[in-house]
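Below: one structure, written as structure tokens.
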Amino acid sequence: MHTTAAAPIAVPEVFPQVVPFARTTVRLHPRAGAPTAGQSSMGGPLLWPTDEPWPICSGPDPYDHSDIAPAAADVPLVPVLQLFAEDVPELPFPAGTDLLQVLWCPFDHMPWCSPRPELRWRSRDRVGERLEEMPAPDQEAEDRHLPDSCALDPERVTEYPSHDLPREVWSQIGDAVARVQRESGWQYDWDLAVAPGTKVGGYPGWTQVPDWPECGCGATMEHLLTIAGWEFDRGDDKRWLPLEDRPAMAGWDFDADDEHPWRRIQNPAGLMLGDAGGIYLFVCTRCPDRPFDYRFDCS
Ligand SMILES: [Zn+2]
Ligand SMILES: [Zn+2]
């Protein structure tokens, strides 16, 4: 169980202007584990049909894979996330599918020098004979882009936008934000708005100015999920650190040795995306084949 603490401030009463922007996000709470191909996971084995070739990086463009030399070809993608409809029914599954898989090329791709993700939507029942062993990652791939195997524990949390809050609304709540912070120490954008970490739906965990992709049909795409290295910023996080994890955080410090449990709670998959950044995946739900795009940023 992973439980996010209730908001310490009654947001709808104190900041009524943000209520129309409320969204539910599904925090996935990855933690080290040994999930099977039949379970939702981060960095775990995928339910993959033996008769479907494993995906290979569809090709470095001239400035891609700059983090290895010479530029590798035929790089196998690595499993990043697998989500079954029974665990996260909120996902916009195309008709006839009940499984979403996210893989990425672990080498840097332009334009953001980040891993490049791909999606697969499947039906569990149509996989048939499944691949027993996932291909090994490319030997040159760096650990920081290879998610360690984690089990998931989805939890629904209400979010309000911070970077995505319209400017005019910011100016309407500015005085209340300052007063709450002065009187209680709680910060709207850090503690009350957008949940950090790997999650489905809600608002992207931007660390920079929002940059929502547009679909070819003209619609702004929807935030599908965020893959983040860090589940929260610091060990003294007062809001987003799950209640059940708090005892194990005792004595945490940025300088604590690698064995201290706080590191595996804060960064369970062992990812480092730029400087503690995230990769944000988007889909168009108006188009039945779910066109997809992604963004990357970091602090
Ligand atoms: Zn690649
Ligand atoms: Zn579209």
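Heads up, the final residue of the sequence shown is numbered 298 in numbering that gives the first Met the number 0, and it's a clean run with no missing numbers.
Note that the Cβ used here is the ideal one computed from N, Cα and C, for glycine as well.
Nothing here was measured: the structure is a model prediction, and the numbers come from that model.
| query | Relative to ligand 1, is the shortest distance from any of its heavy atoms to the C-beta of C112 smaller than 6 Å? | reply | no
| said: Rounded to the nearest angstrom, what separates V346 and L191 at their Cα positions? | reply: Any question about residue 346 goes unanswered here, given that the chain covers just 0 to 298.
| field | Cα-Cα separation between W185 and A6, rounded to whole angstroms | value | 10 Å
| task | Taking all protein chains shown into account, decide if R289 is buried (16 or more other Cβ within 10 angstroms of its Cβ) or exposed. | result | buried
| field | Limits of the alpha helix (DSSP H) - the one that A179 falls within | value | It is Val, not Ala, that sits at residue 179 in the sequence shown. That run of the alpha helix (DSSP H) goes R166 to S183.
| said: Please give the ranges of any alpha helix (DSSP H) in the stretch 215-268, keeping only runs that are unbroken, at least 4 residues long and fully inside the region. | reply: 261-265
| DSSP beta-bridge partners of G277 | A227 and D296
| field | H64 in three-state terms, based on DSSP | value | coil
| task | Counting only the same chain and skipping the five closest in sequence on each side, list residues whose C-beta sits under 8 Å from that of T109. | result | The sequence given here has Met at residue 109, not Thr. Here the set comprises D60, Y62 and D63.
| field | Which of helix, strand or coil DSSP assigns to H28 | value | coil
| message | Is C104 a contact residue of ligand 2, with contact defined as CB to any heavy atom under 6 Å? | response | no
| request: Select from E131, T206 and M41 the residue whose C-alpha is nearest the C-alpha of W47. | output: E131
| heavy atom of ligand 2 below 6 Å from R289 C-beta | no
| In this structure, what does DSSP give as the bridge partners for F83? | L98
| task | Enumerate in chain order the residues of its own chain whose CB-to-CB distance from C286 is below 7 Å, with the five nearest sequence positions on each side excluded. | result | C214 and C216
| request: Return the chain-ordered list of same chain residues with a C-beta closer than 8 Å to the C-beta of V168, the five sequence neighbours on each side being excluded. | output: Q16, V17 and F20
| message | Please state the DSSP three-state secondary structure of F156. | response | It should be pointed out that residue 156 corresponds to Val in this sequence rather than to Phe. DSSP places V156 in strand when its eight states are reduced to three.
| request: Tell me where the alpha helix (DSSP H) around P54 begins and ends. | output: Segment: none, P54 is in no alpha helix (DSSP H) and carries neither H nor E.
| task | Report back the beta-carbon spacing between G43 and Q100 to the nearest angstrom; my notes put them in contact at under 8 Å. | result | Not quite, the Cβ-Cβ distance comes to about 11 Å (not below 8 Å), so this is no contact.
| request: With distances taken Cα to Cα, identify the nearest neighbour of P146 among M271, Y279, H1 and D73. | output: M271
| request: Let me know the secondary structure DSSP gives L118 once reduced to three states. | output: strand
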